[in-house]
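A quick write-up on the structure given underneath.
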Amino acid sequence: MRKRNHTVTIRMNKAEYDLLQSKVKESGQTQQAVVLHAIADLKIASAEEVEELKKLNLMLAEILSQLRGAATNINQIARTINAGGFIPREDILHHLNQNILNYRKESEKIWQSIRQLISGQILMEQ
C-alpha cells in the first residue's frame, strides 16, 4: 500500500460541500477516493490551448459575419424576385453559392479543430 504523506486543506461554501457529499454518497467511495479520482481525470487547458481556441473563435466569428452578409444578399435578391423584379444572372447566383460553400468548408475545419482541442487530440506547439 502506498503511503500518503501530504495533507491538503480546502475551503468550500455550503453548496460546494453539499455537492461533494452527494458525489461521495452516490459513488459509494470515500471522500478521499472521490477527490483523487476527480483530479486524476481532470484536464486543465494549457495557455497555448486557450490561445488557440481564442484564435479559432475569432476566425469563426469572421466567417459568421461573412455568412450574414451573404444571407443578406440572398434575402435582398429573393425580395426583388418576389416583388416581380429582375432575376439575377446565373453567374451572380453561382458566385453567392460558391461563397457560402467556402464559408461552410472553413467553418467545418474550425469546428473540427475545436473538437480536437477539446478532446486533447492536438499536441500544442511548444
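Residue 99 in the UniProt record's numbering is what sits at position 99 of the sequence shown, and the numbering runs on without skipping anything.
Cβ atoms here follow ideal geometry from the backbone N, Cα and C, with glycine treated the same way.
{"query": "Among L56, N82, G28, L93, nearest to E106 - alpha-carbon criterion", "result": "L56"}
{"query": "Supposed contact pair Y103 and Q76 - C-beta distance, whole angstroms, cut 8 Å", "result": "About 18 Å separates the two Cβ atoms, so there is no contact after all."}
{"query": "Cutoff 6 Å; reference V24; Cβ partners in own chain excluding five residues on either side", "result": "Q31, V34"}
{"query": "Secondary structure of L42, DSSP reduced to three states", "result": "coil"}
{"query": "Backbone CA spacing between I74 and N82 [nearest angstrom]", "result": "12 Å"}
{"query": "Backbone secondary structure at G69 - three-state DSSP", "result": "helix"}
{"query": "Close beta carbons around V50, own chain, < 8 Å, minus the five adjacent residues each side", "result": "none"}
{"query": "As assigned by DSSP and simplified to three states, the class of M12", "result": "coil"}
{"query": "L53 beta carbon less than 8 Å from that of L117", "result": "yes"}
{"query": "R11 versus K109 - alpha carbon distance", "result": "42 Å"}
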